[in-house]
Amino acid sequence: QVQLVESGGGLVQPGGSLRLSCEASGRIETILVMGWYRQAPGKERELVASITRGGGTTYTDSVKGRFTISGDVAKNTVYLQMNSLKPEDMAIYYCNSHTRYRELWGQGTLVTVSS
Numbered sequence: 194q195v196q197l198v199e200s201g202g203g204l205v206q207p208g209g210s211l212r213l214s215c216e217a218s219g220r221i222e223t224i225l226v227m228g229w230y231r232q233a234p235g236k237e238r239e240l241v242a243s244i245t246r247g248g249g250t251t252y253t254d255s256v257k258g259r260f261t262i263s264g265d266v267a268k269n270t271v272y273l274q275m276n277s278l279k280p281e282d283m284a285i286y287y288c289n290s291h292t293r294y295r296e297l298w299g300q301g302t303l304v305t306v307s308s
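Residue numbers (the working numbering): 194 to 308.
Here it is in structure tokens:
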């Protein structure tokens, strides 16, 4: 059974940094895109950043210049370096991946930004 395993969430003060990690475990067909979504209480899930197998990246406007997505999609791993965190970044962050045939989600990791 294929799973996306996330780690790295936690509590951080405003202005601080966290690094999220995600790895696909199990036998899986070729992953084309990996990314991070987040969902804050009372809000819809939104795409934060994504990276393609070719290394192309996208970011939602609110995190540009503060967050960096990296990893090796060919090795089924992705990271999200989050700097200058703000209270509005507080959410459950989900790893996501797309193959030609399916979409996978991680279980989510909580990021809390509070003083």
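Glycine included, every Cβ here is placed at the ideal spot set by N, Cα and C.
Just so it is clear, the structure is predicted and the values come from calculations on it, not from any experiment.
Alpha-carbon to alpha-carbon, residue j and residue i
i	j	result
S277	A242	16 Å
S210	Q274	7 Å
E281	V306	8 Å
Closest Cα partner of residue i within the set the options
i	options	result
V226	G201, P207, G248	G248
L213	E281, T292, Y294, T270	T270
G219	L297, T253, L303, V304	L297
S255	Q194, E237, K236, K279	K279
R238	K268, I285, F260, Q206	I285
Paired residues, beta bridge with residue i - DSSP
i	result
A217	L197
A267	In DSSP, A267 forms no bridge with anything.
Neighbourhood of residue i by C-beta distance below 6 Å, restricted to the same chain and skipping five residues each side
i	result
S263	Y272
Cβ shell of residue i (< 8 Å), same chain only, five flanking positions each side left out
i	result
G299	Q196, L197, V198, E199, C215, Y287, C288, N289
T245	L225, V226, V266
Q194	G219
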